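Student: Before I ask anything, let me first share the structure, which is written out below as structure tokens.
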Amino acid sequence: MDINLLTLASILFAGAIAAGLIGALSGLGGGVIIVPLLTILLKVDIKYAIGTALVSVIATSSGAAAAYVKEGYSNVRIGMFLEVATTLGAVTGAWVAGWLPAETIAVIFGFVLLGSVALSLRGRPESALAEQPDPLAMKLQLNGTFPTPEGLQSYCPTRVPQGWAMMFVAGILSGLLGIGSGALKVLAMDQIMKLPFKVSTTTSNFMIGVTAAASAGIYLNRGYIDPVLCMPVLLGVLLGAMIGSKVLAHAKVGVLRVVFNLVLAALAAQMIYSGLTGSL
Amino acid sequence: MPEAPNTWTEERIDQMLGNLLRTGVVLASAIVVLGGILFLMHDGQQRHDYSVFRGEPREYRQPTGIVGDALKLDSRGIIMLGVLVLLATPFARVVFSLVAFAIQRDRVYCLVTAIVLLVLSYSLFFKG
């Protein structure tokens with residue numbers, strides 16, 4: 014697009030506010046919206062888009078994690094232990110991204126986004142908390158407590174190795190696509206390791222910043238992180254996410270959630286189409 | 005063995021961790037806002053085609069280059085300094101956790117945290 018940088022920054026800022034807002038309300042985070050916004054709507058090269066998205070992901074997750082850690086929901090030991098998997102995955106993903114063609118990355122992105130939308134729309138199947146404590150989990154002190162209206166409730170994860178393996182995959186996708194991979198992280202903790210949902214979502218958020226930083230350093234070094242794109246996107250997404258979390262606390266967002274997820278599904282289809290036809 | 009001081013309870017550590025994260029994000033955003041204003045005032049009328057990937061110039065790819073440019077009050081350099089502070093925030097969080105686990109004499113988690121720190125350092129100081 015032949016526009017000056019002031020106009021570009023203004024469009025990006027407005028788009029990023031919307032992305033932060035939709036990210037918070039759809040439960041999928043801002044990263045998955047930034048990449049299609051930049052590549053499909055503004056015709057920005059996907060390498061710049063991924064670099065920009067990673068930076069905004071670190072900002073929103075760190076901002077939200079600050080609040081959750083203080084409230085006592087996030088389990089720092091579980092987070093730390095699983096971050097070994099996600100950071101190793103993220104470095105692997107960033108490395109793979111270096112030699113995959115842009116079209117292939119776009120197609121993978123589209124399918125991952127479709128999968129995330131499906132997970133988000135399906136909602137959460139009730140999963141009973143683990144009854145048999147995992148010996149590995151006990152050895153690693155992964156048990157914990159979290160605040161409920163009835164007082165502190167204790168929990169202990171199960172199937173730790175399987176959860177760890179899933180986190181490695183989440184890390185690869187994060188590093189490859191510039192997203193937080195929050196949906197997959199929650200799946201690993203909530204469904205595989207049978208952790209309470211609130212502990213899963215907040216610990217996932219806590220981990221996203223470190224995971225994204227593990228690949229962002231490599232992207233910075235490759236010259237994928239551009240100041241002119243990052244400035245409006247970073248600030249816009251933060252602002253949008255703040256507004257979004259305020260709205261979430263006060264409104265029933267069931268219908269909005271479905272609408273936003275359908276918009277994301279359309280963007281995913283567009284990414285796959287552009288990748289397959291080479292029209293990125 | 006003397007009792008560990010009460011200041012390093014789990015709750016206290018969580019509070020400090022939260023403050024660290026919040027400070028990092030606020031500081032990074034403030035620097036980016038400052039650089040952004042300077043940039044739009046001076047270079048807002050420029051044009052650039054982002055549909056073709058060229059990669060950033062050498063100095064924006066390394067922490068030392070970014071700090072050098074920011075000190076020269078180059079507006080793009082200042083924005084990149086903000087981005088660097090943002091990237092350093094999770095890194096600082098992991099360093100803080102390592103210190104906290106060391107004070108708690110938790111050997112297993114010192115090791116776990118050290119591995120994460122090693123992977124992060126590899127990425128942040130990566131020379132491709």
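Quick note, the sequences are listed as chains P and A, same order.
Here the first sequence is numbered in my numbering, starting from 14 and rising by one per residue.
Here the second sequence is numbered in my numbering, starting from 5 and rising by one per residue.
No residue lacks a Cβ here, since even glycine has one placed at the ideal position from N, Cα and C.
These figures come from a predicted structure and were not determined experimentally.
For residue 117 of chain A, decide whether its Cβ has a neighbour in chain P, counting only Cβ atoms nearer than 8 angstroms.
Tutor: Yes, contact with chain P.
Student: So what's residue 214 of chain P in DSSP terms, helix, strand or just coil?
Tutor: Note: residue 214 of chain P maps to helix in three-state DSSP.
Student: Would you list the one or two residues that DSSP bridges to residue 158 of chain P?
Tutor: P/167, per the DSSP bridge assignment.
Student: So with CB distances below 7 angstroms, who are the chain P contacts of residue 72 of chain A?
Tutor: Near residue 72 of chain A there are no residues of chain P at all, since even the closest Cβ is about 14 angstroms away, more than 7 angstroms.
Student: Tell whether a beta-carbon distance below 8 angstroms holds between residue 121 of chain A and residue 98 of chain A.
Tutor: Cβ atoms of residue 121 of chain A and residue 98 of chain A: closer than 8 angstroms.
Student: Say whether the region 236-256 of chain P touches the region 74-87 of chain A, bearing in mind that this needs 3 or more beta-carbon pairs closer than 8 angstroms, one atom from each stretch.
Tutor: With the cut-off at 8 angstroms, the region 236-256 of chain P and the region 74-87 of chain A touch.
Student: On the criterion of 16 or more Cβ atoms from any shown chain inside 10 Å, does residue 13 of chain A qualify as buried, or is it exposed?
Tutor: When all chains shown are included, residue 13 of chain A counts as exposed.
Student: Using a Cβ-Cβ cut-off of 8 angstroms (strictly less than) and excluding sequence neighbours within five positions of residue 7 of chain A, which residues of its own chain qualify?
Tutor: Reliability of the predicted coordinates at residue 7 of chain A is poor, the pLDDT of 49 falling under 50, and the value obtained from them is presented with this limitation in mind. Same-chain partners within the cutoff: there are none.
Student: When the Cα atoms are used, what is the spatial distance from residue 207 of chain P to residue 167 of chain P?
Tutor: Distance between the alpha carbons of residue 207 of chain P and residue 167 of chain P: 13 angstroms.
Student: Does residue 95 of chain A get closer than 8 angstroms to chain P when you measure Cβ to Cβ?
Tutor: Yes, contact with chain P.
Student: Below 9 angstroms between beta carbons is the criterion; list the residues of the region 234-257 of chain P that meet it against any residue of chain A, in chain order.
Tutor: Here the close residues are 234, 235, 236, 237, 238, 239, 240, 241, 242, 243, 244, 245, 247, 248 and 251.
Student: Do residue 173 of chain P and residue 155 of chain P have their C-beta atoms closer together than 8 angstroms?
Tutor: Contact: yes.
Student: Using C-beta distances below 8 angstroms, list every residue in its chain close to residue 257 of chain P, excluding the 5 sequence neighbours before and after it, in chain order.
Tutor: Within the same chain, residue 257 of chain P has close Cβ partners 33, 34, 35, 36, 37 and 38.
Student: Kindly give me the distance between the Cβ atoms of residue 87 of chain P and residue 210 of chain P, rounded to whole angstroms, as I take these residues to be in contact under 8 angstroms.
Tutor: Wrong, their Cβ atoms sit about 13 angstroms apart, outside the cutoff.
Student: Should residue 65 of chain P go down as buried or exposed, given a rule of 16 or more other Cβ atoms within 10 Å for buried?
Tutor: That one is buried.
Student: Rounded to whole angstroms, what's the CA-CA distance from residue 275 of chain P to residue 134 of chain P? Just pull it up for me.
Tutor: Cα to Cα, the separation comes out at about 9 angstroms.
Student: Sorted by chain position, which residues of the same chain lie with C-beta nearer than 6 angstroms to residue 222 of chain P's C-beta, five sequence neighbours on each side aside?
Tutor: The answer, listed in chain order, is 71, 74 and 75.
Student: Taking 7 angstroms as the limit between beta carbons, can you name the residues of its chain near residue 246 of chain P, skipping five residues before and five after?
Tutor: These residues qualify, in order along the chain: 25, 29, 47, 65 and 69.
Student: For residue 159 of chain P, which option in P/89, P/79 and P/292 has the closest C-alpha, if you only look at C-alpha atoms?
Tutor: Ranking the options by Cα distance to residue 159 of chain P, first place goes to P/89.
Student: Among P/231, P/165 and P/272, which residue has its Cα nearest to the Cα of residue 104 of chain P?
Tutor: Nearest of P/231, P/165 and P/272 to residue 104 of chain P, Cα basis: P/231.
Student: Mind listing which residues of the region 53-69 of chain P have their C-beta closer than 7 angstroms to chain A's C-betas, in chain order?
Tutor: Flagged, chain order: 56, 57, 58, 60, 61 and 68.
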